[in-house]
Structure formats: C-alpha cells, structure tokens
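Below you'll find the structure, written out as structure tokens, and then a few comments.
Residue numbers (this note's numbering): 338 to 419.
Here it is in structure tokens:
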C-alpha cells in the first residue's frame with residue numbers, strides 16, 4: 338500500500354550535505370512503522386556517495402537528533418549513529 342510519495346532531488350552540482358537521519362522523523366505517523374524506498378532515476382556512481390544505510394538501526398526505534406542549518410538539505414541529524 339502506498340500512502341504517499343515525495344520526490345527528493347539533489348542535483349550533482351548541489352554541495353549541500355544530507356546528514357544521517359531517520360525518514361520517519363519527517364512523517365506524521367506514530368509509531369514509526371513505515372518503509373522508505375530510494376530509487377535513483379538517473380545514473381549514480383559510488384563516487385557520488387549516493388546512500389548509506391545503517392543495518393539494524395530500525396530496531397532502535399526513534400533516535401535522538403539535533404537540528405542543523407548550515408549547508409544541509411535536511412535539518413534533523415541523528416546524534417549518535419555509530
């Protein structure tokens with residue numbers, strides 16, 4: 338079932354960072370029981386740092402975050418993702 342979609346476009350010339358985050362933080366659903374699909378609609382190479390997943394972090398529930406405003410696309414960064 339698809340409840341919605343969002344097109345997130347970050348062009349190659351855009352030097353802003355997308356910090357580590359939980360997508361569910363931005364959604365109005367509680368509890369956080371949703372799935373995100375990342376689909377590249379253009380060519381993506383590893384040197385573009387396309388995506389990084391943190392295996393198993395979905396089991397930790399909502400993580401603490403801090404707000405960032407400098408040179409970022411999304412402003413809510415997970416504080417401790419290591």
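Built from N, CA and C at the ideal position, the CB exists for glycine as well.
If you drop the 5 nearest sequence neighbours on each side, which residues of the same chain put their C-beta closer than 6 Å to that of residue i?
i           : result
residue 420 : No answer is possible for residue 420: the residues shown for the chain start at 338 and end at 419.
I'd like the list of long-range same chain contacts for residue i, defined as Cβ closer than 7 Å, with 5 residues on each side in sequence excluded.
i           : result
residue 365 : none
residue 356 : 405, 409, 411, 414
If we call anything under 9 Å between Cβ atoms a contact, is residue i one with residue j?
i           : j           : result
residue 387 : residue 377 : yes
residue 340 : residue 382 : no
Which value, in whole angstroms, describes the spacing of the CA atoms of residue i and residue j?
i           : j           : result
residue 400 : residue 359 : 8 Å
residue 343 : residue 361 : 13 Å
residue 392 : residue 348 : 26 Å
residue 389 : residue 345 : 16 Å
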